[in-house]
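Chemist:
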Amino acid sequence: MGRGASESSSNSGSSSVGSGGGSNSNSYLDRKVADVAEKQVVMLDESTTVAEAVKIMRQNDVSSVFVSRKGVPVGIVTERDVLYRVVAESRGPFKVALKDVMSSPLVTIDGSATVRDAISLMRQKGIRRLPVVAPGAGVGKEKAMLGLVTLKSVVGNMPSRSVELADVVSVPSSSGKAALAVVCPYCGSSFEGKQDLSKHIDRLHIGAGLLEGDLRQM
207 MGRGASESSS
217 NSGSSSVGSG
227 GGSNSNSYLD
237 RKVADVAEKQ
247 VVMLDESTTV
257 AEAVKIMRQN
267 DVSSVFVSRK
277 GVPVGIVTER
287 DVLYRVVAES
297 RGPFKVALKD
307 VMSSPLVTID
317 GSATVRDAIS
327 LMRQKGIRRL
337 PVVAPGAGVG
347 KEKAMLGLVT
357 LKSVVGNMPS
367 RSVELADVVS
377 VPSSSGKAAL
387 AVVCPYCGSS
397 FEGKQDLSKH
407 IDRLHIGAGL
417 LEGDLRQM
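All residue numbers for the sequence shown refer to the numbering used here, where the first residue is 207 and numbers rise by one.
#1: Hey, could you find the ends of the alpha helix (DSSP H) Ser-326 is sitting in?
#2: Hey, out of Leu-354, Leu-235, Pro-341 and Val-283, whose CA is closest to Asp-251's CA?
#3: What three-state label does DSSP hand Lys-405 in the structure shown?
#4: Report the CB separation of Gly-281 from Met-308 in whole angstroms; it is logged as a contact under 8 Å.
#5: Is DSSP giving Glu-285 helix, strand or coil here?
#6: Figure out for me which residue from Glu-285, Ser-233, Glu-295 and Pro-279 has the closest Cα to the Cα of Glu-258.
#7: Would you mind stating whether Val-293 and Ile-315 have Cβ atoms separated by less than 9 Å?
#8: Do you know offhand how far Ala-243's Cα is from Ser-296's?
#9: With Val-292 as the anchor, note down where its alpha helix (DSSP H) starts and where it stops.
#10: Among Met-263, Asn-266 and Phe-272, which has the Cα closest to the Cα of Met-351?
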């Protein structure tokens, strides 16, 4: 849930792993998140039951809902939250309120930030969804929600389906000599090669096929 076919090294021991069309990818990465955010978001009061929220999610064809308290966004509930925090724990969806299973506090990003900033923040926080708020919205104040950026939607909209964020770094090996490893741009895990990285990203972060075009050239 990446990277391209070409690798360039530097004296610092790290390098960008890119692919053909990298300039287009970089152009997308530098766009403002407000311009690429998904505008269809659903906001529900924290007292709403999980059962009602799931019904609304299905009606609106969304996989998550924002949770508000007195009109102010305070959390988010995803399909995964429902599965793991309600179904897996045998809790009744008609009795459990969103406030009891939401992820809070909300991690948000200013609409003037770049797509690159959004990906980095999601990686840092270990999340896949990032609410986009109006520029200048202060912490603790009512935030004007502009939309939602997800890891999957960002990568899916990138030219060549490539993210120019993977690094090749030098790491110690069992023999005591330095070895090169490819680092996942989302969680920081390191792998021996791009194939292992691709499988990891496909399984845990995004979905199948992200690196398919690049791997065929190896």
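Backbone N, C-alpha and C define an ideal beta-carbon position, used for all residues, glycine too.
Modeler: Answer, in terms of the structure:
#1: Here the alpha helix (DSSP H) through Ser-326 covers 321 to 331.
#2: Ranking Leu-354, Leu-235, Pro-341 and Val-283 by Cα distance to Asp-251 puts Val-283 first.
#3: Looking at Lys-405 - three-state DSSP - the assignment turns out to be helix.
#4: In this structure Gly-281 is in contact with Met-308, their Cβ atoms being roughly 3 Å apart against a cut-off of 8 Å.
#5: Glu-285: helix per DSSP, three-state reduction.
#6: For Glu-258, the closest C-alpha among the options Glu-285, Ser-233, Glu-295 and Pro-279 is that of Glu-285.
#7: At a Cβ-Cβ threshold of 9 Å, Val-293 and Ile-315 do not count as neighbours.
#8: Cα-Cα distance, rounded: 35 Å.
#9: Taken as a continuous stretch (DSSP letters only), Val-292 belongs to no alpha helix (DSSP H), as it is neither H nor E.
#10: Of the candidates Met-263, Asn-266 and Phe-272, the one whose C-alpha sits nearest the C-alpha of Met-351 is Phe-272.
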